[in-house]
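Inspection log for the structure reproduced underneath, given as structure tokens.
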Amino acid sequence: MRLSRALKEGLADQHFRSYEEVKNWIDSWIASKDDQFFRRGIRTLPVFNAKHVTEIASHQIDIEQINPQEGCVEQDPKEILFAIKACIKNVIHKLDMLGIKIDEIVTVGITNQRETTIVWNAITGDPLYNAIVWSDIRTDAIVDQIIAKFPDQSKNHLKSLCGLPVSPYFSALKIRWLKDNVPAIKKAIRERRCKVGTMDTWVVWNLTGGKDGGLYITDVTNASRTMLMNIETLSWDPTLCRYFDIPMQMLPEIKSSSEIYGKILIGPLSGIPISGVRNQQSALVGQNCLKKGQAKNTYRSGCFLLCNTGHTRVYSSHGLVTTVAYQLGPKSPPVYALEGSIAVAGAAIKWLRDNMKLIKDVHESEHLAQSVFSTGDVYFVPAFTGLYAPYWRKDARGIICGLTAFTTKQHIIRASLEAVCFQTRDILEAMYKDCGFPLTKLNTDGKMSTNNLLMQLQADLCGTPVFRSTVPDITALGVAMVAGHAEGIDVWDLEGEEVETVPTDTFLPTTTPEERDARYKKWKMAVERSLGWVTGKMSDQMTGKCKTIKQSKFEVSDVIQIASLNTLYCLFDTEIILYVTSF
């Protein structure tokens, strides 16, 4: 790695004992420079040991969230593209200051929000509606209509084909809503000028030419979250498309996760290939969970626990979904995973801050929760938009129970952290029942995992050792590894005997089985009380129509990632972030 002379000389005079000291010193160094570029939206600019495959620099831009009404969550597709281009421009400026040239970049990888859906005009390139975000639940009524048509009237009727239950979470329901409710989309479909995809499809299409011949593709991991891809053949399934009344010919081509798709044709990265597209499953690779039985949990606004099941598709009988973990090339067999998704994790802490005003900053939550010995028997089920795995109950709503006259905000904050851990245990219990063996350890990452108390509570309430990555946002690292692995790029070997891993922090259980089982029993009682709050009529009223547009801040995960022989550049979840890694 080559650094600017001033930064090099400053580092030479220092004696560091840990990565945190390096990071803090460089942050201070940047802050001391009267440079508006560094003071606008910078995330971090740390220096790492090259062997540990970790971050050097980054850039972030916030995206607006659009909430037309309760239950509706949207984003502006054009704003996302603008932010991506701005991130690329700014980070290249930073690279130049570090002495790193564009011609050292060998490939680009993209990681994105899953299930978030965009429809656009193939002729003009303009979006025909805002992106509907994964957590949006406006399709609630459509879910009921589709399930009612099944012979068994079960939400799991299609799991043998796509691995997923019918839920507002997945893209097919969002496409169906757009098709039924947006006249411009109906017309574009009739005239065969309609394109639709998850966020990766929108980004790749625009970067590779857009209306002038842009690549119209998605990868198997994103396609596996639409409810339209056959989980066995890895192709669009006519039966599934018929169920959701979606024309199969308007869907993008499905590719593997790791291959050279084409080259970027716009901006300063023009001529550089894109060779990796992934979604949340990227963290499974970044965590080196490449063997059957290995699992990771990513803690962000939601929580996503995946267990590698190898080349075997394990169909859950206990509320989990079967998904594609990755496919390392068009000729390689897919690797599958069992997954449990939690709708609300870090979002509960933001709710305590923004709605309840119990804290001023999310970082206060650890200190305040640690100031009390327990929750005082308070339980918080944050089912703001229903419950995902393993319950799949869209009629659930949030509940706080066990309150007494002695309950304080500290107890409620601690209960919100424990809620994340209990929901994770729900999924671990389901995985044990489906796989037949308990996990001996849990690999963790994500922005929320930096909360030490949360990680210790996770170990204590599950009875499982927790190994936290020292790279909290490892999703981007995973997709960069996949991009670098692609044939023709070959800067990373993910199928060799050894894959370089990042260091971890370890949290061991300190509770007895009796203690944690007693707590878990009460959690299950609280969950039971959260069910059945939404009637069909209320659900239709809340999620049926979205007209008025009102904007508020949102942190988004649709990003560009760039891998090179000596450097690695990534954009990842919770905010648009472009970061550089040395390996």
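Numbering-wise, the sequence shown is residues 1 to 583 according to UniProt numbering. For every residue, glycine included, the Cβ atom is placed at its ideal position computed from N, Cα and C.
Quick one: residues in its chain with C-beta nearer than 6 Å to the C-beta of residue i, no 5 flanking neighbours on either side, listed in chain order?
i: residue 194; result: 188 and 250
i: residue 277; result: 110, 200 and 219
i: residue 366; result: 451 and 453
i: residue 265; result: 208 and 209
i: residue 438; result: 432
i: residue 302; result: 342, 343 and 345
i: residue 505; result: 468
So, for residue i: in the same chain, excluding its five sequence neighbours on each side, which residues have a beta-carbon less than 8 Å away from its beta-carbon?
i: residue 230; result: 161, 162, 236, 237 and 240
i: residue 489; result: 106, 107, 260, 273, 275, 483 and 563
i: residue 185; result: 119, 128, 129, 178, 179 and 194
i: residue 553; result: No answer about residue 553 holds up, because its pLDDT of 36 lies below 50 and its placement is not dependable.
i: residue 37; result: Unreliable positioning characterises residue 37 in this predicted model, as indicated by a pLDDT of 28, which lies under 50. The coordinate reading is nonetheless provided below. Within the same chain, residue 37 has close Cβ partners 90, 93 and 94.
i: residue 263; result: 208, 270, 271, 272, 273 and 274
i: residue 436; result: none
Do residue i and residue j have their CB atoms nearer than 7 Å?
i: residue 345; j: residue 299; result: yes
i: residue 314; j: residue 338; result: yes
i: residue 466; j: residue 444; result: yes
i: residue 526; j: residue 379; result: yes
i: residue 332; j: residue 486; result: no
i: residue 427; j: residue 286; result: no
i: residue 175; j: residue 246; result: yes
i: residue 221; j: residue 153; result: no
i: residue 118; j: residue 205; result: no
i: residue 319; j: residue 419; result: no
i: residue 284; j: residue 325; result: yes
i: residue 73; j: residue 133; result: yes
i: residue 421; j: residue 456; result: no
i: residue 619; j: residue 224; result: Lying before the first or after the last residue shown, residue 619 is absent from the chain, which here runs from 1 to 583.
i: residue 196; j: residue 168; result: no
i: residue 211; j: residue 267; result: no
i: residue 292; j: residue 310; result: yes
i: residue 288; j: residue 112; result: no
i: residue 148; j: residue 228; result: no
i: residue 377; j: residue 534; result: no
From the DSSP output, which residues share a beta bridge with residue i?
i: residue 120; result: 127 and 195
i: residue 338; result: 307 and 322
i: residue 295; result: 307
i: residue 273; result: 263
i: residue 379; result: 401
i: residue 157; result: Answer is none; residue 157 lacks a bridge partner.
i: residue 207; result: None, per the DSSP bridge assignment.
i: residue 505; result: 468
i: residue 445; result: 298
Is it right to say residue i is buried, meaning 16 or more other beta carbons lie within 10 angstroms of its own, or is it exposed?
i: residue 432; result: exposed
i: residue 434; result: buried
i: residue 159; result: buried
i: residue 517; result: exposed
i: residue 145; result: exposed
i: residue 84; result: buried
i: residue 140; result: buried
i: residue 521; result: exposed
i: residue 214; result: buried
i: residue 115; result: buried
i: residue 405; result: exposed
i: residue 271; result: exposed
i: residue 101; result: exposed
i: residue 123; result: exposed
i: residue 58; result: buried
i: residue 183; result: exposed
i: residue 136; result: buried
i: residue 384; result: buried
i: residue 530; result: buried
i: residue 371; result: exposed
i: residue 170; result: buried
i: residue 155; result: buried
Apart from the five residues just before and just after residue i, which ones in its own chain have a Cβ nearer than 7 Å to its Cβ?
i: residue 248; result: 236, 238 and 241
i: residue 600; result: Not covered by the structure: residue 600. The range shown for the chain is 1 to 583.
i: residue 52; result: Only weak support exists for where residue 52 lies, its pLDDT of 48 falling under 50; the coordinates are left without a value.
i: residue 519; result: 461
i: residue 508; result: 459 and 465
i: residue 401; result: 379, 526 and 529
i: residue 35; result: Interpretation of residue 35 is limited by its pLDDT of 36, a score under 50 that renders its predicted location unreliable; the figure taken from the coordinates is listed afterwards. Excluding sequence neighbours, residue 35 sits near nothing in its chain.
Using a C-beta cutoff of 7 Å, does residue i count as contacting chain B?
i: residue 294; result: You won't find chain B in this structure, because it holds only one protein chain.
Problem - Touch test, the stretch 351 to 366 against the stretch 408 to 416, Cβ-Cβ under 8 Å, three pairs minimum - result: Flag = yes, the stretch 351 to 366 and the stretch 408 to 416 touch.
Exercise for the section: Count the C-beta pairs between the stretch 71 to 83 and the stretch 114 to 129 that are closer than 8 Å, then say yes if the count reaches three, no if not. Expected result: Yes: at least three Cβ pairs fall under 8 Å.
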